[in-house]
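To start, the structure itself, in structure tokens.
Residue numbers (the working numbering): 159 to 272.
Put into structure tokens, the structure is as follows:
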């Protein structure tokens with residue numbers, strides 16, 4: 159039931175929607191600046207990605223480099239990047255999850271990624 163028995167205040171709804179949109183944009187910008195790391199092989203390979211999933215750095219310990227076994231190194235690189243992306247997704251959920259709930263619980267609002 160709407161207080162006062164009338165129509166919802168469209169201006170107020172618009173202002174709330176604009177604020178949520180601004181909050182979402184700010185959170186996305188913060189994610190793009192925040193870096194998270196993933197590693198594999200006990201730290202032999204470390205990947206750094208932004209909170210939005212952009213690969214920024216890859217560090218390979220020389221001990222991981224065996225010219226006779228490049229497949230293992232490739233597997234470690236893939237695993238480190240995957241771990242970093244999983245950490246980025248967790249960060250996205252942490253930052254964007256509350257905003258999704260404010261927009262209706264993430265119930266499939268068109269145009270939103272959650």
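Built from N, CA and C at the ideal position, the CB exists for glycine as well.
Residue i classed as buried or exposed, judged by whether at least 16 other C-beta atoms fall within 10 angstroms
i: residue 167; result: exposed
i: residue 236; result: exposed
i: residue 201; result: exposed
i: residue 255; result: exposed
i: residue 249; result: buried
i: residue 292; result: The structure shown does not extend to residue 292, since the chain is modelled only from 159 to 272, so the question has no answer here.
i: residue 239; result: buried
i: residue 171; result: exposed
i: residue 184; result: exposed
i: residue 205; result: buried
i: residue 232; result: exposed
Cβ shell of residue i (< 6 Å), same chain only, five flanking positions each side left out
i: residue 210; result: 189 and 190
DSSP beta-bridge partners of residue i
i: residue 279; result: For residue 279 there is no data in the structure shown, the boundaries of the chain being 159 and 272.
i: residue 203; result: 198 and 218
i: residue 208; result: 193
i: residue 213; result: 207
Nearest-angstrom Cβ-Cβ length linking residue i and residue j, presumed shorter than 8 Å
i: residue 197; j: residue 241; result: 6 Å
i: residue 203; j: residue 218; result: 5 Å
Beta-carbon proximity list for residue i, same chain, < 7 Å, skipping 5 on both sides
i: residue 181; result: 257
i: residue 176; result: none
i: residue 234; result: 198, 199, 202, 203 and 222
Contacting residues, own chain, Cβ-Cβ under 8 Å from residue i (five flanking each side not counted)
i: residue 159; result: With a pLDDT of 48 at residue 159, under the threshold of 50, the modelled position of this residue cannot be trusted; read the value that follows with caution. Within the same chain, residue 159 has no close Cβ partners at all.
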